[in-house]
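Heads up, the thing below is written out as structure tokens.
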Amino acid sequence: MNIDLYERIWMWAASALVVMFLAAILVPAAVQAIHPPSHVETLDPTKLAEHPEFATGGVNTRSDGSVVVSVAASMFAFTPNPIEVPANAPITFRITSADVIHGFQVVGTNANAMAIPGYVSQMTVTFATPGRYIIACHEYCGLFHHEMVGTLIVR
């Protein structure tokens, strides 16, 4: 089969791009252990109000100084709100949703996760700069999505 020179060039170029894009995804995951926040566990979203961790939400400090924040997102609020955490301590956010998909983004930082009904997303962040941060829902969740904000206070 005779393939024109320009076709061969385009096939090689397209193949090279596919390999480059795959490498751009796989190398950070394998070499640098960079992974997106993932779903740690599952739970029944219809019984979230009865769940011991998410019924009231809250900030819990462990004996090693790290902090675990349990957040439940629902139309159109985050519980608890506001959230107070110490600066320069590892903060583990455990986030879930009671109704629809919500987003959890601490504006101006790299803290960003999705709250999906039935799943718990977990991420760990350290805030070096004390101050007040806005927590925004970055997934459209309904009519009052634009009003779904919270406050994170870093002391």
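Counting in our numbering, the sequence shown runs from 1157 upward without gaps. Positions of the beta carbon are idealized from the N, C-alpha and C atoms, including for glycine.
Where residue i sits in the DSSP three-state scheme
i     : result
H1258 : strand
P1246 : strand
Y1296 : coil
E1209 : coil
T1265 : coil
S1253 : strand
A1186 : helix
L1204 : helix
L1199 : coil
Sub-8 Å separation of residue i and residue j beta-carbons
i     : j     : result
P1286 : A1245 : no
Cα-Cα separation between residue i and residue j, rounded to whole angstroms
i     : j     : result
P1238 : L1173 : 46 Å
P1208 : L1199 : 11 Å
H1258 : T1202 : 16 Å
H1294 : Q1261 : 7 Å
I1247 : L1308 : 12 Å
V1263 : A1269 : 12 Å
D1255 : M1231 : 7 Å
D1160 : S1171 : 17 Å
R1311 : G1221 : 14 Å
Y1275 : W1166 : 44 Å
A1169 : G1298 : 44 Å
L1182 : N1266 : 21 Å
E1197 : R1250 : 10 Å
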